[in-house]
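Student: Numbering (the working numbering), first residue to last: 231 to 435. Built from N, CA and C at the ideal position, the CB exists for glycine as well. Keep in mind the model is a prediction, meaning the values are calculated, not measured. Take this structure first; my questions come after.
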């Protein structure tokens, strides 16, 4: 187990899911932008860093039938599997590091609200983009959220990168067409406000 895996497993062992700062009972912005993408309900979608997030619950209820959740922490994935009960069998649960992700299919939509802003090293960002390329094709839509330029400088004790929408899109490059961008103010379970930048893109080639 890598240091990163053990760190996030410990987070989920030591704290209940509804007390972590990123918790959302309903991931409203994620659902909105996925809805805007208009991908067919039978098309493959992946939630990167989705661990214990309730996004997969809502997508199942909306009729999405080919869902995957990728997370470093198998403990976080286990929390979601337990919460979903029998419905967990409808989801592909992938325990592993997105930076080394070797997908077995190409996804119609890639969603990430949890990982990209932790990649403060340019080499890690390149590995992420390589993984995205392996997991996508022309036409794949990409929904990514990071802390905004006025968001927190650290999360769970780790430094994060903060972005405006244009800056975030620029990291992905000309192969990705920017379709929309927005901001979100997330209120943590503890009552603090955190500002996020969201973008939705389409891979062109």
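Can you tell me whether DSSP reads residue 359 as helix, strand or coil?
Tutor: Within the chain shown, numbered from 1, the residue matching residue 359 stands at position 129. The answer is helix: DSSP assigns residue 359 an H, G or I state.
Student: Could you compute how far the alpha carbon of residue 421 sits from the alpha carbon of residue 296?
Tutor: The count along the chain shown starts at 1 and reaches residue 421 at position 191. The count along the chain shown starts at 1 and reaches residue 296 at position 66. Their Cα atoms are separated by approximately 35 Å.
Student: Which residue from 339, 352, 337, 358 puts its Cα closest to that of residue 326?
Tutor: Here residue 326 corresponds to residue number 96 of the chain shown, with the count starting at 1. Minimum Cα distance to residue 326 is reached at 358.
Student: Hey, could you find the ends of the alpha helix (DSSP H) residue 309 is sitting in?
Tutor: For the purposes of this step, residue 309 is taken as the residue at position 79 of the chain shown. Looking at the DSSP string, the run of the alpha helix (DSSP H) that includes residue 309 is 304-314.
Student: Mind checking residue 270: buried by the 16 CB within 10 Å criterion, or exposed?
Tutor: Counted from its first residue, the chain shown places residue 270 at position 40. It is exposed - the Cβ of residue 270 has fewer than 16 other Cβ atoms within 10 Å.
Student: Where does the unbroken beta strand (DSSP E) through residue 401 begin, and where does it stop?
Tutor: Within the chain shown, residue 401 is the residue found at index 171, counting from 1. Element bounds for residue 401: not the beta strand (DSSP E) but the alpha helix (DSSP H), 395-402.
Student: Identify every residue that forms a DSSP beta bridge with residue 340.
Tutor: Residue numbering aside, residue 340 sits at position 110 when the chain shown is read from its first letter. Bridge partners of residue 340: 276, 372.
Student: Please confirm whether residue 371 and residue 413 have their CB atoms less than 8 Å apart.
Tutor: Here the question's residue 371 lines up with position 141 in the chain shown. Here the question's residue 413 lines up with position 183 in the chain shown. Taking 8 Å as the Cβ cut-off, residue 371 and residue 413 do not qualify as a contacting pair.
Student: Which residue wins for smallest C-alpha separation from residue 354, given the options 305, 331, 281, 314?
Tutor: Position 124 of the chain shown, counted from the start, is the residue given in the question as residue 354. Comparing Cα-Cα distances from residue 354 to each of 305, 331, 281, 314, the minimum goes to 331.
Student: With DSSP run on the structure shown, which of helix, strand or coil describes residue 260?
Tutor: The sequence position of residue 260 within the chain shown is 30, counting from 1. Helix.
Student: Using only CA atoms, which one of 377, 248, 333 lies nearest to residue 361?
Tutor: Position 131 of the chain shown, counted from the first residue, corresponds to residue 361. Ranking the options by Cα distance to residue 361, first place goes to 333.
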